[in-house]
Every structure is written in C-alpha cells, then in structure tokens.
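Report on the following structure.
Residue numbers (this note's numbering), protein chains in the order written: chain A, 7 to 350; chain B, 7 to 350.
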C-alpha cells in the first residue's frame, strides 16, 4: 500500500486525536478572540492550507460573523510594506510550519501587537514559534507529498475553533461525530472505482463547489493536479459563469460537490447548463438528486452542510489517487515534488 | 474590425477620460477614507472585476497599508449571515453594476453604517444606487462580451484612488502619463503576431504573475479562456510551486508577466524551473532579460512597476484576441456568453 493510501485511511483516527487532545489549545484561542474581539482575520497560507483557509473564510463568516482576508505575503516579505493591522487576528496555516512567507506574515502581526495563531502539524516549527497560540494538528508525520490527513485535520481544527468562539455546544457535538462519519465515508471507497474509470481520458477537468465546499473544489482540483497531472481547476458556480464557462463544449468534464444545503441549488443549475453545452459530470452528493441524466454519482455520507467538506474531501482524494495509479504515477512523490515548499 | 479590437484600441482615450473627469469623485471618496480611517476594505466583484480587485489588494496594501478582503457574497445573499462590519470600506466593482451578489454585499455594508463605494461603468446601475460614493468608469458602452477597456479603466480608477488617499502627487503624475504609455503599448501590437503563432497549438496554458501583476495573470487567463476556449489559469510563482507545478512536462506552455521591479525575480526563477521540466514560455517584459533560452519575448512599454498592469493587459488582450481569431471564434460573443452575468 502507498503511504498516500495509508494516510488517507488514517484520517478518522487523526481527526479524533485532534478533537480529543487539542481542546485546551482551541479553547484558549477562542477565549482570546472573545476577549479581544478582532474585526477581521488575516490568514497566511499556501497550497493545501490555502484551500483550508477558504473553508475558514466561509465558516468564520457563517458562524462568527468574522470577515476573512487572505494575506498577500509579498507585501510583507518582498515589498516591506506590510498592511497596518488593528484589531485583527493573524492566523498562519501550514502543515510543515516552515514556509518563510507564511511565517513572515504572522511575525509581522506579532510585531504590530495583534493576536496571532498558528495551525500546524509541527509544534516545534518556525511558524509555531512566532505565534501566541498554536493548534497542533496531531496528525502524525505525513510522508506522502500530497497532503490528505493534515487537510481534514486542519478543517477539523477550524471547525473546532469556530464553534468554541460561538460557544455552540450543539455544533461541537456535530463535529465530534465527524471521525465516525469519515470512517463511514472511507467504507464507501469502492464507489470511486467507476469514477476513476470514467475519468480515464481526462486531460483537464473543472471542479465546482459553493459555500463551505468552494474549499473542497479547490482542494480536489489541487489533489487531482499534483497526483495525476490532469489540469484541474476549482470554481464557484458564479465564478465559472463569469467567463470560464466559455470553454465547455462536447465531452468537457466536470467534478461537482453538491451536498444537501443552501449551496446545492446553484451547483445543480450549473450542472444542467454544462449538460446543455455537452459537458459530462461526476457529482459528489448524499443522494442522486443533483445528478443530471448521463452524469455519474459519487455517494457522500450525510452530515450537516457546514461539516460536509470533511467527508467530501475523501472521494476527491480517492479519485485523484486512482487516476494517478492508473497513469502509473509514483503517488507518494509525484512529478518530482518535494514535501516542504519554501516560498518567500 | 471587431468590436473587441475597437474597444482594445479605445483604451488610452477611455483611461484619459476617467483621469480627467472623475477627479472630484475620486477625491471625495479619498477624503472620506482619510476621515473615517477604515481598518480594512471588503471588495465584492466577479469575473474581470474580481481580477481588478486583486490589483486593489496589492495596491491598497502597498500604498495605503490597507488590508483587503474579498467578499464571499453567498454569506450575505444565500445564508443570510453577512459578516459583522466595523470600520471598513465596502467596495463593489462591476462594469454593468447589475449582478445581485455584488449589489447585495454593498447594500449590507450600507445597512451596517459602513463607508460604501462603487466602481462601475453605469452610474444609473443598481450598484451605483446603493453606494455612498460612485466612481464612474466613463469608458463608453462596452459591447464586446469580453471586458477590455473597462478593465484598464478600473485599474486606473483604483490607482487614482490609492494615490489620492496617500496624497502622493508624484505618483499621480506617474498615473497621468499612463494614457500615453497605453497608446505606445498598442503601437507595439505587431509583436503579438509571433506569440499568437507560437500559441497556435495550446490546449491549456498557465499564466504567471506576482505583486501587482498577479491580477494581470488572472485577467490574462480569463481573457484567453473566454475568447479562445483554451484552458488557462493564473498563478503566483509561489502558488504554482505548491503543487500545481506537478503538471509541467515537455512542451507545457506558460505565459509570464515579468516587468522590472521587486516581483520579477521570483517569476524568472520559476521560468528557469519550468524550462528544466521541459516547459516553454512567452514572457511579457520591457526587455528580454527574464527570457530563458528558447522562450519568446513580448515587449512591454517601461512604466513604474505599480502601474505595469495597465500596459501589461494589452499584450494579453491581443494574444487572446489573436488566438480566438485564429480558431474562428466570434470574438464579440464567444461561445454563447452574454455581456451581463447575474449571479446570486
């Protein structure tokens, strides 16, 4: 078994460990947020962590009313014109905690007296060293280049933080049921087989999601891209309609996330439009309601919409892994990628 | 001549008109910003305007120390959980001023007593109606579906606003020289010919830019995509290194923006890495210094780096238009797209 497949399988245990062992760290940060009442959150992140940050943008807005800005690290590390920060939370998200651009933004936040925090899988990393608060992912070492268990653990950490800030016990209870849901989602693994077969001929694919699952769409696209070499891009239905839809013609493939909830309708409407243009789709959903005739359904374990990215990540990972294996890619170190990417 | 080609040619005049006629509106908004001192800017935008918003994110940070957050309209229009805003500027950017999601975010900003502003080409639009301050693009009606003159005019409006807030006369003088620079850039039009020929076989392309020209990269990708049907995506060098670089193999094409300035180095380093992987590039720059052996150079009129997106947009437009014409696309209404896209 590849390290990648092993780490995908470890996700329920990794998430359970995070939820059990990091409660004190999460609560301490949540208490600081309630005390200092930041007006917005500035997040620094790259790659898979940037996709998790996209989930944070939805979640902090939806549950905490907090606007989220994604940092442009170049302003701090290249131009030496960091943003003037006031009443903000500066949050760095990085599996390795090493990339100088992410560290630089959090360091600058501290210099300006802002509340700072890090979410990382290495509590001895430079990123952890510059932040007031550290949430450690406790996912165990991730050896495959493509991040999987650290992604879902990061989503879990963000969900735990948002619920702690909001003080919503019921939502926390929903979150605590997610390791079991993740395990059930992995049991549905076989269902990725037909999708992998259908995706055999892809040279490119567009990946669609909305609300909490815009993050899922971006991460699925990144996973497919880095593992299989297929050109894949994530879009919201609105973003895709504003121009990029032009490229959809006969046989153009899409992957869409459509769990039940307010975000589903716009995704379903776009799927119908893609069909009219001759496109074909694989649809991830709890039931086949969003499936347009001729499209393929990938089943999802039913969970509340706000937590659906945690389970929806799994079919995306399995599809990406299956595609890569089919193409003979070394899935643990695809295309000469290295685990730690240091950028400034 | 297509409407698209006409509108591309109108850009120097459109920009000159904006800079002449909107000074009072820009100054009034700048005065309100200096008085109310927002802690961050929340921008709502879609498509081409979202790419202009990316320029605003660099520019407001670099010149004004202002963090920029891009709105997730769904939080306001779909979930009814708008962010709690305090000491913010809420800015809607939309050529048509019609899209309900953009209007909804600005309307909510007003409801919460925030400073609100609109940048639009239609001062009678719903968006203009809900904003305290309106900067009218004065680009004249844009009839081609693909936005060109309204894009560069929007960049000009943002540059005028940032300089007015900063009160930097010298920078304003640099901006006032841009209509002439744009005209000179159009005179270099013939140089797009070899690039169009080189791009003949593209089925996909990655577009790279950094700092102010991350916006250019996104917009070039959108223009190529909506006009020619080629799958094109914009990336920062750092973003591309964190995973997506996996797909680069022999013959993989890139388009890179590398004007002189602090952002150039990271782009040049990435170009060398792409070459090592067998990729080929078209490089937009004032001189051929960033060109790796075997790559193609598209010349750029020399202007200060912060204003380079205004001229760099032109070779991108000409390349996209040329590619589309070569493929027999109706460039004024490609692939059944409509001028106004209303999304919620």
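Just so you know, even glycine gets a beta-carbon here, dropped at the ideal spot from N, CA and C.
Between the beta-carbon of residue i and the beta-carbon of residue j, is there less than 8 angstroms?
| i | j | result |
| --- | --- | --- |
| residue 348/B | residue 73/B | no |
| residue 168/A | residue 65/A | yes |
| residue 244/A | residue 211/A | no |
| residue 87/B | residue 67/A | yes |
| residue 101/B | residue 27/B | no |
| residue 265/B | residue 219/B | yes |
| residue 98/B | residue 133/B | yes |
| residue 221/B | residue 60/B | yes |
| residue 20/B | residue 155/B | yes |
| residue 296/A | residue 273/A | yes |
| residue 32/B | residue 170/B | yes |
| residue 307/B | residue 187/B | yes |
| residue 11/B | residue 252/A | no |
| residue 95/B | residue 120/B | yes |
| residue 283/A | residue 255/A | yes |
| residue 235/B | residue 335/B | yes |
| residue 269/A | residue 311/A | yes |
| residue 145/B | residue 159/B | yes |
| residue 104/B | residue 346/B | yes |
| residue 151/A | residue 316/A | no |
Which residue comes first and which comes last in the beta strand (DSSP E) that contains residue i?
| i | result |
| --- | --- |
| residue 240/A | 237-241 |
Out of the options, state which residue places its alpha-carbon closest to the alpha-carbon of residue i.
| i | options | result |
| --- | --- | --- |
| residue 58/B | 313/B, 111/B, 19/B and 335/B | 313/B |
| residue 54/B | 135/B, 81/B, 144/B and 161/B | 161/B |
| residue 81/A | 63/B, 215/B, 177/B and 90/B | 63/B |
| residue 206/B | 326/B, 134/B, 307/B and 170/B | 326/B |
| residue 70/B | 45/B, 56/B, 92/B and 93/B | 45/B |
| residue 258/B | 229/B, 204/B and 234/B | 204/B |
| residue 194/A | 42/A, 297/A, 116/A and 318/A | 318/A |
| residue 182/B | 340/B, 97/B and 25/B | 25/B |
| residue 303/A | 22/A, 202/A, 14/A and 48/A | 202/A |
| residue 301/B | 37/B, 141/B, 276/B and 311/B | 276/B |
| residue 114/B | 79/B, 126/B and 131/B | 79/B |
| residue 76/A | 191/A, 51/A and 343/A | 51/A |
| residue 90/B | 89/A, 47/A and 123/A | 47/A |
| residue 108/B | 180/B, 137/B and 93/B | 137/B |
| residue 208/B | 227/B, 164/B and 217/B | 227/B |
| residue 240/A | 322/A, 40/A, 35/A and 128/A | 322/A |
| residue 143/B | 190/B, 164/B, 135/B and 174/B | 164/B |
First and last residue of the alpha helix (DSSP H) that includes residue i?
| i | result |
| --- | --- |
| residue 314/B | 314-332 |
| residue 33/B | 29-42 |
| residue 118/B | No alpha helix (DSSP H) contains residue 118/B, which DSSP labels as neither H nor E. |
| residue 191/B | 184-193 |
| residue 229/A | 220-234 |
| residue 268/B | Unbroken run through residue 268/B: none, as it is neither H nor E. |
| residue 157/A | 155-172 |
| residue 14/B | 9-15 |
| residue 203/A | 198-204 |
| residue 135/A | 132-136 |
Going by the DSSP bridge assignment, what does residue i pair with across the sheet?
| i | result |
| --- | --- |
| residue 303/A | 289/A |
| residue 98/B | 50/B and 124/B |
| residue 261/B | 213/B and 288/B |
| residue 141/A | 125/A |
| residue 76/B | 49/B |
Taking Cβ-Cβ distances shorter than 8 angstroms, what residues in chain B pair up with residue i?
| i | result |
| --- | --- |
| residue 149/A | Residues of chain B passing the Cβ test: none, with the nearest at roughly 16 angstroms. |
| residue 208/A | Ordered by position in chain B, no residue passes the 8 angstroms Cβ test against residue 208/A, which lies about 12 angstroms from the chain. |
Residue i versus chain B: which residues are under 9 angstroms apart at the beta carbon?
| i | result |
| --- | --- |
| residue 231/A | 249, 250, 252 and 253 |
| residue 217/A | 78, 80, 81, 84 and 85 |
| residue 291/A | None at all; the shortest Cβ gap to chain B is about 18 angstroms. |
Against residue i, what residues of chain A qualify as contacts under a CB-to-CB distance less than 9 angstroms, listed in chain order?
| i | result |
| --- | --- |
| residue 239/B | 237 and 239 |
| residue 93/B | 45, 92 and 93 |
| residue 341/B | 251, 252, 253, 254, 255 and 283 |
| residue 228/B | 248, 249 and 250 |
| residue 349/B | 242, 243, 244, 245, 247, 248 and 272 |
Which residues in chain B have a C-beta closer than 7 angstroms to the C-beta of residue i? List them in chain order.
| i | result |
| --- | --- |
| residue 63/A | 78 |
| residue 48/A | 73 |
Given that residue i touches chain A, what residues does it touch there, using C-beta distances under 8 angstroms?
| i | result |
| --- | --- |
| residue 107/B | 244 |
| residue 22/B | Going along chain A, no residue has its Cβ under 8 angstroms from residue 22/B, so there is no contact; the nearest lies around 27 angstroms. |
| residue 52/B | 244, 245 and 248 |
Could you name the residues of chain A that residue i contacts, counting a contact when the two beta carbons are closer than 7 angstroms?
| i | result |
| --- | --- |
| residue 74/B | 75 |
| residue 268/B | 84 and 85 |
| residue 67/B | 78, 81, 87 and 89 |
Are there any heavy atoms of the ligand MG lying less than 7 angstroms away from the beta-carbon of residue i, as far as the coordinates show?
| i | result |
| --- | --- |
| residue 31/B | This structure lacks the ligand MG, and indeed carries no ligand of any kind. |
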